[in-house]
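Student: Residue numbers -12 to 54, in our numbering, belong to the letters of the sequence shown in order.
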Amino acid sequence: MLNHSDGMQNKKGRTITFRVDDEVAEKLEKYAKMRNTSMSRVLRNWCEASDLRVELATSLMKTLDKT
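(1) Given 7 Å as the limit, tell me if Thr4 has its C-beta closer than that to any heavy atom belonging to the ligand SAM.
(2) Do Arg40 and Val29 have their C-beta atoms within less than 8 Å of each other?
(3) Got a sec, what are the start and stop residues for the alpha helix (DSSP H) Arg28 sits in?
(4) Measure the C-alpha to C-alpha separation of Lys(-2) and Glu13 and round it to an integer number of angstroms.
(5) Are Ala36 and Met26 close, meaning C-beta to C-beta below 8 Å?
(6) Keeping to the same chain, check which residues put their C-beta closer than 7 Å to that of Arg31; ignore five residues upstream and five downstream.
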């Protein structure tokens, strides 16, 4: 369980919209229902728990290292 002592759950933040395919959306919806929560809450929890590092392809990493 995540600690929400920072008060973020009561603040309105920015809205970010992105698309996922139907299969992913259905899985997220099922997961949220199993947890008795919303898909938005599932995604917010994931973001809070994530280190937010972007994974790049090895070839791209090598290209960036050259610059």
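Glycine residues also receive a C-beta, built at the ideal position from the N, C-alpha and C atoms.
Just so we're clear, the structure is a prediction, and the values are computed from it rather than from any experiment.
Tutor: By the coordinates alone:
(1) In terms of ligand content, the structure shown is empty, and the ligand SAM therefore cannot be addressed.
(2) Within the sequence shown, residue 40 is the residue found at index 53, counting from 1. Within the sequence shown, residue 29 is the residue found at index 42, counting from 1. The answer is no: Cβ separation not under 8 Å.
(3) Start at 1 with the first residue of the sequence shown, and residue 28 comes out as number 41. Segment 26 to 36, the alpha helix (DSSP H) holding Arg28.
(4) What you label residue -2 is simply residue 11 of the sequence shown in a count that begins at 1. What you label residue 13 is simply residue 26 of the sequence shown in a count that begins at 1. Each residue's Cα considered, the two are about 28 Å apart.
(5) In the sequence shown, the residue the question calls residue 36 occupies position 49. In the sequence shown, the residue the question calls residue 26 occupies position 39. No, Cβ-Cβ distance for Ala36 and Met26 is not below 8 Å.
(6) By one-based count along the sequence shown, residue 31 stands at place 44. Closer than 7 Å at Cβ, skipping near neighbours: no residue.
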